[in-house]
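Participant:
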Amino acid sequence: MSAQTATESLPPDRERILRALNALHARYRGVDSGRIADYIPELSKADPTCFAISIVTVEGEVFEVGDFERSFTIQSLSKPFTHALALADRGRANVMQRVGVEPSGDSFDSIIRLDANNRPHNPMINAGAIAVTGMIAGDDQDERLERMLEMLGRTMGRRPSIDEAVFASERTTGHRNRAMAHLMLNFGILDRDVEEILDLYFKQCSVIVTARDMATMAATLANGGINPKTGERAVKREYIRDVLTVMHTCGMYNYAGEWAYTVGLPAKSGVSGGIIAVVPGQFGICVYSPPVDERGNSVRGIRVFEDLSRNSGMHVFETWHQLGQVLNHIDKVEDPAPALPDTTQSVGDATVYKRELDLGEPLTDAG
Numbered sequence: 030m031s032a033q034t035a036t037e038s039l040p041p042d043r044e045r046i047l048r049a050l051n052a053l054h055a056r057y058r059g060v061d062s063g064r065i066a067d068y069i070p071e072l073s074k075a076d077p078t079c080f081a082i083s084i085v086t087v088e089g090e091v092f093e094v095g096d097f098e099r100s101f102t103i104q105s106l107s108k109p110f111t112h113a114l115a116l117a118d119r120g121r122a123n124v125m126q127r128v129g130v131e132p133s134g135d136s137f138d139s140i141i142r143l144d145a146n147n148r149p150h151n152p153m154i155n156a157g158a159i160a161v162t163g164m165i166a167g168d169d170q171d172e173r174l175e176r177m178l179e180m181l182g183r184t185m186g187r188r189p190s191i192d193e194a195v196f197a198s199e200r201t202t203g204h205r206n207r208a209m210a211h212l213m214l215n216f217g218i219l220d221r222d223v224e225e226i227l228d229l230y231f232k233q234c235s236v237i238v239t240a241r242d243m244a245t246m247a248a249t250l251a252n253g254g255i256n257p258k259t260g261e262r263a264v265k266r267e268y269i270r271d272v273l274t275v276m277h278t279c280g281m282y283n284y285a286g287e288w289a290y291t292v293g294l295p296a297k298s299g300v301s302g303g304i305i306a307v308v309p310g311q312f313g314i315c316v317y318s319p320p321v322d323e324r325g326n327s328v329r330g331i332r333v334f335e336d337l338s339r340n341s342g343m344h345v346f347e348t349w350h351q352l353g354q355v356l357n358h359i360d361k362v363e364d365p366a367p368a369l370p371d372t373t374q375s376v377g378d379a380t381v382y383k384r385e386l387d388l389g390e391p392l393t394d395a396g
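This is how it looks when you write it as structure tokens:
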């Protein structure tokens with residue numbers, strides 16, 4: 030179905046949203062700065078022209094444009110969700126004993142500093158995420174892996190799988206992560222076998238997702254921990270505030286302050302090119318585009334979110350956001366500017382549809 034045919038059949042509000050997403054996609058698909066992350070060799074195989082924007086509302090409506098079904102590995106986008114799992118397993122006080130909540134000001138993989146209590150600064154950087162992974166409960170490694178996959182599956186609405194090639198690549202080249210893990214073992218932050226914890230962490234980062242999956246996961250956080258597709262609780266409500274707060278202050282690494290100022294949403298980025306953001310009580314968004322900047326954030330993703338926040342009032346301190354009317358203002362995104370050269374191939378037309386809630390829908394194997 031062409032974009033024109035799709036929009037003609039939609040109610041006016043949906044039509045405006047769809048046109049706005051098409052405009053954003055057209056405006057930024059020609060951006061060719063950034064580079065594919067190659068410190069994990071398998072990630073270097075990503076197609077730099079891939080570009081997707083996906084929105085999932087707390088009512089289960091989905092608005093998408095571009096390569097929203099293209100698979101990529103979750104990488105650091107997993108960190109808010111494993112943080113939530115550790116909170117549920119260990120409780121807030123126990124997690125806080127081992128991982129702080131302060132922005133570090135350093136890059137995501139920095140091994141230079143722990144905080145004054147010899148803890149990783151927060152769960153959104155690699156050191157903190159490794160510590161959090163070490164707190165996932167289970168009698169053995171298989172049970173811990175199963176619980177992690179089950180939790181991620183509940184948030185996305187299907188059973189996830191692991192990209193074994195990416196896992197092997199991460200395991201072979203993850204020397205910096207090993208250095209961080211042994212440093213934390215020295216300070217008592219980790220209390221199990223380092224290689225077991227790292228294997229679970231590398232598998233966590235190698236879970237296969239799409240932009241649609243990640244938008245659904247972000248919408249689950251926006252919906253108080255309930256997946257809007259399945260109606261199933263995936264995250265305990267009492268820990269949603271913890272997760273969103275740390276995403277807001279620390280989720281974009283050493284770009285977090287500027288992101289909070291210009292975009293103003295709880296968010297998380299990953300070096301495979303995904304960025305998710307949460308508009309609490311309303312919707313989740315994922316933008317996927319593999320070329321990243323020097324901080325590890327998707328270049329097109331940053332541009333899209335800055336545009337949306339500037340023109341449609343998504344910032345948490347905007348009046349429209351407080352009134353719960355953000356999507357009704359998304360049509361304020363202007364038509365695409367012609368100045369950017371189109372150096373990429375055109376991608377799929379936008380689609381929009383409403384997911385029917387099926388409370389009994391089981392998780393299915395990833396395709």
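In terms of this note's numbering, the sequence shown opens at residue 30 and continues consecutively. Each residue gets a CB set at the ideal place from its N, CA and C atoms; glycine is no exception.
1) Counting C-beta neighbours from all protein chains within 10 Å, is the total for residue 310 16 or more, i.e. buried, or is it exposed?
2) Leaving out the 5 sequence neighbours to the left and right, which residues in its chain are closer than 6 Å to residue 203 when beta-carbon positions are compared?
3) With DSSP as the reference, label residue 297 as helix, strand or coil.
4) Can you tell me which of the three DSSP states residue 308 falls into?
5) Does residue 344 pass the burial test, meaning 16 or more other C-beta atoms within 10 Å, or should it be called exposed?
6) Quick check on residue 49: does DSSP put it in helix, strand or coil?
7) Please state whether DSSP places residue 85 in a helix, a strand or coil.
8) Can you tell me where the alpha helix (DSSP H) holding residue 110 begins and where it ends?
9) Quick one: using the 10 Å Cβ neighbour count with 16 as the cut-off for buried, is residue 11 buried or exposed?
10) Using three-state DSSP, classify residue 367 as helix, strand or coil.
11) For residue 290, is the classification buried or exposed, using 16 other Cβ atoms within 10 angstroms of its Cβ as the cut-off for buried?
12) Evaluate residue 66 with the Cβ neighbour count: other Cβ atoms within 10 Å of its Cβ, from every protein chain shown; 16 or more gives buried, anything less gives exposed.
13) In its own chain, which residues sit with a C-beta less than 8 Å from the C-beta of residue 274, not counting the 5 before and 5 after it?
14) How is residue 62 classed by DSSP in three states: helix, strand or coil?
15) Could you tell me whether any Cβ in chain D is nearer than 8 Å to the Cβ of residue 88?
16) With a threshold of 16 other CB atoms inside 10 Å of the CB of residue 366, please say whether the residue is buried or exposed.
17) Using 8 Å as the threshold, is the C-beta distance between residue 315 and residue 213 below it?
18) Which residues bound the beta strand (DSSP E) around residue 334?
Facilitator: Result, derived from the coordinates:
1) exposed
2) none
3) strand
4) strand
5) buried
6) helix
7) strand
8) 108 to 119
9) Since the displayed the chain opens at 30 and closes at 396, residue 11 lies outside it and no answer follows.
10) Annotation note: pLDDT 41 at residue 367 (below 50); position unreliable, coordinate value reported separately. Note: residue 367 maps to coil in three-state DSSP.
11) exposed
12) buried
13) 130, 295
14) coil
15) Within the model displayed, chain D is absent; a lone protein chain is all it includes.
16) Residue placement at residue 366 cannot be trusted, given a pLDDT of 44 that sits under 50; what the coordinates show is reported in the next sentence. Per the 10 Å Cβ criterion, exposed.
17) Not closer than 8 Å, so no.
18) Counting along the chain, residue 334 falls outside any beta strand (DSSP E), though it belongs to the alpha helix (DSSP H) covering 328 to 341.
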